[in-house]
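*Asks:*
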Amino acid sequence: MGPTGIGFREEYQRSLSDPEGFWLGAAQAVEWTAPPARAFDGSLPPAGRWFPDGELNTCFNALDRHVAAGHGDRTALIHDSAMTGVQRTYTYRELTDQVARFAGVLRAQGVGRGDRVLIYLPMIPEAAIAMLAAARLGAIHSVVFGGFAASELATRLSDAAPKVVVTTSGGLEPNRAIEYLPTVHEALAKAGMPELPVITKHRDGFAGLPEGRQLNTVDWDTALADAEPAACVPVKAGDPLYILYTSGTTGTPKGVVRDNGGHAVVLLWSMANLYDIHTGDVWWTASDVGWVVGHSYIVYGPLLAGATTLMYEGKPVGTPDAGAFWRVIEQHKVKALFTAPTALRAIRKVDPEAELLKKHDVGHLQTLFTAGERLDVDTYHWAGRVLGVPVVDHWWQTETGWAIVGNPRGLDPLPIKAGSPTLPMPGYDLRIVDGLGAEVAAGEEGNIVLRLPLPPGTLPTLWQDDQRFKDSYLSAFPGFYATGDSGYVDDDGYVFVMGRTDDVINVAGHRLSTGAIEQVVGTHAAVAECAVLGVADALKGQKAVGYVVLKAGASIAPEVLEKELVALVRREIGPVADFKTAVVVEALPKTRSGKILRKTMRQIADGDDYVVPSTIEDRSVIDSLIPVLTENLP
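Okay, so the sequence shown: first residue is 7 according to our numbering, each after it adds one.
(1) Who are the near neighbours of A45 in its chain, counting only those whose CB is closer than 7 Å to its CB and skipping five residues on each side?
(2) Just to confirm my understanding: we take G48, look at its own chain, exclude 5 residues before and 5 after, and list those with CB closer than 6 Å. What are they?
(3) When DSSP labels each residue in this structure, what does P633 get in the three-state scheme?
(4) So, for E568: in the same chain, excluding its five sequence neighbours on each side, which residues have a beta-carbon less than 6 Å away from its beta-carbon?
(5) Quick one: give me the first and last residue of the beta strand (DSSP E) that E179 is part of.
(6) Tell me whether C4 sits in a helix, a strand or coil according to DSSP, three-state version.
(7) Would V572 and A583 qualify as a contact pair, given that the criterion is a beta-carbon distance under 7 Å?
(8) Would A136 pass as a contact of I146 if the rule is Cβ separation under 7 Å?
(9) If you measure between the beta carbons of R107 and A292, is that distance less than 7 Å?
(10) Within 10 Å of its beta-carbon, does I632 have 16 or more other beta-carbons around it, so buried, or fewer, so exposed?
(11) Using 10 angstroms around the beta-carbon of P246, count the other beta-carbons present and answer buried if the total reaches 16, otherwise exposed.
(12) When burial is assigned at 16 or more other CB atoms within 10 Å of the CB, is H301 buried or exposed?
(13) State the start and end residues of the unbroken beta strand (DSSP E) segment that holds K339.
(14) Kindly indicate the opening and closing residues of the alpha helix (DSSP H) around L194.
(15) Shortest alpha-carbon distance to F331 belongs to which of R20, D210, A389, A270?
(16) Taking the C-alpha atoms as reference points, what is the distance between D491 and L187?
(17) Starting from Y553, trace the alpha helix (DSSP H) in both directions and tell me its first and last residue.
(18) Quick one: complete beta strand (DSSP E) runs, 3+ long, within the segment 132 to 173?
(19) For G613, count neighbouring Cβ atoms within 10 angstroms of its own Cβ and tell me buried if that reaches 16, exposed if not.
(20) Apply the 10 Å Cβ neighbour rule to T228 and answer buried if 16 or more other Cβ atoms are within range, or exposed otherwise.
(21) Short of 7 Å in beta carbon distance, which residues of its chain neighbour V446, apart from the five on each side in sequence? Order them along the chain.
(22) Which value, in whole angstroms, describes the spacing of the CA atoms of T636 and P484?
(23) Could you give the uninterrupted runs of the alpha helix (DSSP H) lying entirely in the segment 559 to 622, keeping only those of 4 residues or more?
(24) Please specify which runs of the alpha helix (DSSP H), each continuous and at least 4 residues long, are wholly inside the segment 297 to 330, giving them in chain order.
(25) Does the segment 209 to 218 come close enough to the segment 174 to 181 to have 3 or more Cβ pairs within less than 8 Å?
(26) Taking the Cβ atom as the reference point for each residue, do Y553 and V513 lie within a distance shorter than 7 Å?
(27) In or out: K546 buried (at least 16 other Cβ within 10 Å) or exposed?
(28) Starting from W401 and walking both ways along the beta strand (DSSP E), at which residues does that stretch end?
(29) Terminal residues of the continuous beta strand (DSSP E) containing G490?
(30) Hey, how far is the Cα of P641 from the Cα of I579?
(31) In whole angstroms, give me the CA-to-CA distance for L316 and F344.
(32) What would DSSP say about T97, mapped onto helix, strand or coil?
(33) Counting Cβ pairs, one atom from each stretch, are 3 or more of them under 8 Å apart for the segment 333 to 350 and the segment 147 to 160?
(34) Examine the Cβ distances between the segment 270 to 289 and the segment 400 to 412 and report whether three or more of them are shorter than 8 Å.
(35) Quick one: measure Cβ to Cβ for V241 and G144, integer angstroms, because I've assumed they're closer than 8 Å.
(36) Rounding to the nearest angstrom, what Cα-Cα distance links V171 and G110 in this structure?
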């Protein structure tokens, strides 16, 4: 039994046997303008909707209600920039005022309920303010990670069709400044939207647009000073709160939709029960607002819970050193940290014995949570040893918005098994099935699927594309959501997630389509065909490696080609792809139908057991590639 006296396994079973009662109970933590009488309506397309008769405003629940309850002087947001050395703190009252006034700025640009606002910002307070301001108006925000290139930004502009873009002069990396405005200018031109208003927060040290280029710019500070505060606009629980684009296996981004009602309910449930974070606690998610983790657990979750959220602009190493995280935890008295295993591996690589940790008092830290990629056993043990606190892995996806599998630290902490994120969370009826959809025995690896309906807070559909939603997630195993991951469940019910079953790779927690990278590599004049694999990487989980076949008669040195391809991918997809290796090969192994055997190549490159499919066209090709694929194996 946990601290509340409620056994988690019993709560989980209740969520499956009585979902109406379970989720209507959880919904009482939300302040509704029209409370829901029903938890779920399965008749609504494409796969049902949660709290169909409820109305609320997410921004009101995250900000205004705390002020109204007399907590306006409590700290809501701490911004700690290791890049500039500047820190800023916002109380709930101050943040509510800023958000209400920026909502007025958006309203003055014609933004209203259901309109889209595209946000292209780094880790500065204005990112959270812009997101909450859009939510305040009942508008739909779409945040695009600041590392993405103009072509990626343009596809999102075209798909979301926003009324306005919110951006800044640029973002800061440890050794460079990244100009945003030229990228925004190029993206708007590519999307055919050159006149779209661009609300711009000025930051010193950036060059801005080259002479001769113009944007329809609205200055953030000037507009904010003149703005009339906007009130909260109630919306239906099923109305979209945001669109977040994730890589598709075809290379075309998928616009994951998050609703308002289910999202608020599950984030409040998870902050208290999964993370043990409550009113007044200091919570730090070391991620970026461009990713789902930043949406759920930098901005919305902690503010809905009345906690203090920490927004960090910096890196785990290099800003200034591998003690950066420990400094932040000490200075701000962080109760729990949520980060990616990549960050821990980076710290360990530079400071293996955690000598820099000895310089800081991190005694306020009670739990370290990780997600975004599999937490390897070595990193798990290292982090637990040096920090002396529970290290809790949990597993989820952009599509789900919160944990599929986790360990409920605030409800009923369960024994931790290295390599497992523990048990399914409420509402997730998780099964392991073979390729035909039949359940497999405990300990046997298969496809991880979730019986429908998915719980609240998960994607109800893709933006303006119900059919792609069904094709992408519901068609492979009828009656189930296909996670695209493989794994197994042991005799205790613990879930072990082994990896992706498609060609979307995970680089430092960022999901990237190898197909999209291949499309870029294939545009090089010397390249006939290519395969990009996600090869296991000790630091970042996976790294993208390109295997390239040259066109007949092409004359280019391999090292020159690699340099040009790296630059090409960086320009078209962005630095986030971390594409650094391109290898020239004579041929790629294919089936008789022409499909490149990427999975087999990846297994060889990772040193895994593999079976060459009987459908291979020429076995000698794979044999000739083995020395190349295994060249970097330890």
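Ideal Cβ placement from N, Cα and C applies to all residues, glycine included.
*Replies:* The relevant details are as follows:
(1) On the sequence shown, residue 45 is found 39 positions in, with the first residue counted as 1. Cβ neighbours of A45 within its own chain (closer than 7 Å, five residues either side excluded): P25, E26, W29, L30, W56, F57.
(2) Numbered from its first residue, the sequence shown carries residue 48 at position 42. Answer for G48: G54, listed in chain order.
(3) Indexing the sequence shown from 1 puts residue 633 at position 627. In the three-state scheme derived from DSSP, where H, G and I count as helix and E and B as strand, P633 is classed as helix.
(4) Taking the first residue of the sequence shown as 1, we reach residue 568 at position 562. Here the set comprises A588.
(5) Stepping through the sequence shown from its first residue, residue 179 is reached at position 173. For E179, the enclosing beta strand (DSSP E) stretches over residues 176 to 179.
(6) The structure shown does not extend to residue 4, since the chain is modelled only from 7 to 640, so the question has no answer here.
(7) Looking up residue 572 in the sequence shown gives position 566. Looking up residue 583 in the sequence shown gives position 577. Contact annotation: V572 and A583 have beta-carbon atoms that are not nearer than 7 Å.
(8) Within the sequence shown, numbered from 1, the residue matching residue 136 stands at position 130. Within the sequence shown, numbered from 1, the residue matching residue 146 stands at position 140. Taking a C-beta distance under 7 Å as the contact criterion, A136 and I146 do not qualify as a contact pair.
(9) If you number the sequence shown from 1, residue 107 lands on position 101. If you number the sequence shown from 1, residue 292 lands on position 286. No, Cβ-Cβ distance for R107 and A292 is not below 7 Å.
(10) If you number the sequence shown from 1, residue 632 lands on position 626. So I632 ends up on the exposed side.
(11) As a position in the sequence shown, residue 246 is number 240, starting the count at 1. Around the beta-carbon of P246, 16 or more other beta-carbon atoms lie within 10 Å, marking it buried.
(12) Counting from 1 along the sequence shown, the entry for residue 301 is found at position 295. With a threshold of 16 other beta carbon atoms within 10 Å, H301 meets it and is buried.
(13) Numbered from its first residue, the sequence shown carries residue 339 at position 333. Taken as a continuous stretch (DSSP letters only), K339 belongs to no beta strand (DSSP E), as it is neither H nor E.
(14) Here residue 194 corresponds to residue number 188 of the sequence shown, with the count starting at 1. 187 to 196 is the extent of the alpha helix (DSSP H) around L194.
(15) Position 325 of the sequence shown, counted from the start, is the residue given in the question as residue 331. Among R20, D210, A389, A270, the Cα nearest to that of F331 is on A389.
(16) Counted from its first residue, the sequence shown places residue 491 at position 485. Counted from its first residue, the sequence shown places residue 187 at position 181. For D491 and L187, the gap between their C-alpha atoms comes out near 37 Å.
(17) If you number the sequence shown from 1, residue 553 lands on position 547. Element bounds for Y553: not the alpha helix (DSSP H) but the beta strand (DSSP E), 547 to 556.
(18) The DSSP assignment places complete beta strand (DSSP E) segments of no fewer than 3 residues inside the segment 132 to 173 at 146 to 149, in order along the chain.
(19) Stepping through the sequence shown from its first residue, residue 613 is reached at position 607. When all chains shown are included, G613 counts as exposed.
(20) Here the question's residue 228 lines up with position 222 in the sequence shown. Exposed: under 16 other Cβ atoms inside 10 Å.
(21) The residue given as residue 446 occupies position 440 in the sequence shown. Excluding residues up to 5 positions away in sequence, I438, V439, D440, G452 lie with their Cβ nearer than 7 Å to the Cβ of V446 in the same chain.
(22) Counting from one through the sequence shown, the residue named residue 636 turns up at place 630. Counting from one through the sequence shown, the residue named residue 484 turns up at place 478. Using only the alpha carbons, I get a separation of about 39 Å.
(23) The segment 559 to 622 contains these whole alpha helix (DSSP H) runs: 564 to 578, 604 to 612.
(24) The qualifying runs are 307 to 310.
(25) Segment contact: the segment 209 to 218 against the segment 174 to 181, three or more CB-CB distances shorter than 8 Å; contact assigned.
(26) The residue labelled residue 553 in the question sits at position 547 within the sequence shown. The residue labelled residue 513 in the question sits at position 507 within the sequence shown. If you check the CB distance, Y553 and V513 do not come in under 7 Å.
(27) The residue given as residue 546 occupies position 540 in the sequence shown. Looking at its Cβ environment, which holds 16 or more other Cβ atoms inside 10 Å, K546 is buried.
(28) Stepping through the sequence shown from its first residue, residue 401 is reached at position 395. If you look at W401, you'll find it isn't in any beta strand (DSSP E); DSSP assigns it neither H nor E.
(29) Taking the sequence shown and counting its residues from 1, the one referred to as residue 490 is at position 484. Its beta strand (DSSP E) spans residues 486 to 495.
(30) It is not possible to answer for residue 641, since the shown part of the chain is limited to 7 through 640.
(31) One-based indexing of the sequence shown puts residue 316 at position 310. One-based indexing of the sequence shown puts residue 344 at position 338. Approximately 11 Å between the Cα atoms of the pair.
(32) Residue mapping note: residue 97 aligns to position 91 of the sequence shown, counting from 1. Shown here, T97 sits in a strand according to DSSP, grouped into three states.
(33) Contact between the segment 333 to 350 and the segment 147 to 160 is absent, because fewer than three Cβ pairs lie under 8 Å.
(34) With the cut-off at 8 Å, the segment 270 to 289 and the segment 400 to 412 touch.
(35) Here residue 241 is taken as the residue at index 235 of the sequence shown, counted from 1. Here residue 144 is taken as the residue at index 138 of the sequence shown, counted from 1. Correct: roughly 4 Å between the Cβ atoms.
(36) In the sequence shown, counting from the first residue as 1, residue 171 sits at position 165. In the sequence shown, counting from the first residue as 1, residue 110 sits at position 104. Roughly 15 Å separates the two Cα atoms.
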